[in-house]
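> Quick one: the structure is below, and I'll ask about it shortly.
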Amino acid sequence: MVKQIVRDIFFLGQPSEEAVPADAPVAKDLRDTLEANKDRCVGMAANMIGVKKRIIIVNIGFADIVMFNPVIISKRGAFETEEGCLSLDGVRRTTRYRDIEVEYMDESWQKQRRKFSGFPAQIVQHEADHLEGIII
1 MVKQIVRDIF FLGQPSEEAV PADAPVAKDL RDTLEANKDR CVGMAANMIG VKKRIIIVNI
61 GFADIVMFNP VIISKRGAFE TEEGCLSLDG VRRTTRYRDI EVEYMDESWQ KQRRKFSGFP
121 AQIVQHEADH LEGIII
């Protein structure tokens, strides 16, 4: 189901709770909401649709990847950039890393480890920040 985008800074500023297998339906809502906003959005965290769980979705060009409980385990190549967010107005400066490695549970609740570079890495970092209550 397409959900409304949360813009409440107090809610978004709170860390999200660990996701559990019973949270699987949130993935469909994230997919539907991302699809409805694809003209202006390339990723989302569950708190952006009102669910304070550690779940994100990232568009990597040819596919959308849902990650439950993602953890960035390595990063290199720091750079400064500007980003926008559906939950905020305008753009803000932030530091990101060109190459990252992430561990997460996939939609089958299987542990995955994946490397991302460039723009997909930037999207993962932005959404992972949301899970920590970090707003750009």
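Quick note on numbering: this note's numbering labels position 29 of the sequence shown as 29, and the sequence is numbered without any gaps.
The C-beta atom is built at its ideal place from N, Cα and C for all residues, glycine as well.
(1) Any idea if Ser87 is buried or exposed, counting beta-carbon neighbours within 10 angstroms, 16 or more meaning buried?
(2) How many Å lie between Val66 and Gly90 at the Cα?
(3) Specify whether the stretch 32-44 and the stretch 11-20 touch according to this definition: at least 3 beta carbon pairs, one from each stretch, less than 8 Å apart.
(4) Using alpha carbons as the reference points, say which of Ile135, Arg76, Val102 lies closest to Gln112.
(5) Return the chain-ordered ranges of every alpha helix (DSSP H) run that is complete within the stretch 18-63 and spans a minimum of 4 residues.
(6) Where does Ile135 land, buried or exposed, given buried means 16+ other C-beta within 10 angstroms?
(7) Helix, strand or coil, according to DSSP, for Val66 in the structure here?
(8) How about the stretch 24-31 and the stretch 74-88: do they share at least three Cβ pairs that are nearer than 8 Å?
(9) Asp8 by DSSP, collapsed to three states: which one?
According to the data block:
(1) Stepping through the sequence shown from its first residue, residue 87 is reached at position 87. Its Cβ being crowded by 16 or more others within 10 Å, Ser87 is buried.
(2) Working through the sequence shown from its first residue, we reach residue 66 at position 66. Working through the sequence shown from its first residue, we reach residue 90 at position 90. Spanning the two alpha carbons is a distance of roughly 26 Å.
(3) Three or more Cβ pairs closer than 8 Å define a contact, and the stretch 32-44 falls short of that threshold against the stretch 11-20.
(4) Numbered from 1 along the sequence shown, position 112 holds the residue referred to as residue 112. Closest by alpha carbon: Val102.
(5) 25-36
(6) Position 135 of the sequence shown, counting from 1, holds the residue named residue 135. With fewer than 16 other Cβ atoms within 10 Å, it is exposed.
(7) Numbered from its first residue, the sequence shown carries residue 66 at position 66. Strand.
(8) no
(9) Here residue 8 corresponds to residue number 8 of the sequence shown, with the count starting at 1. Coil, per DSSP.
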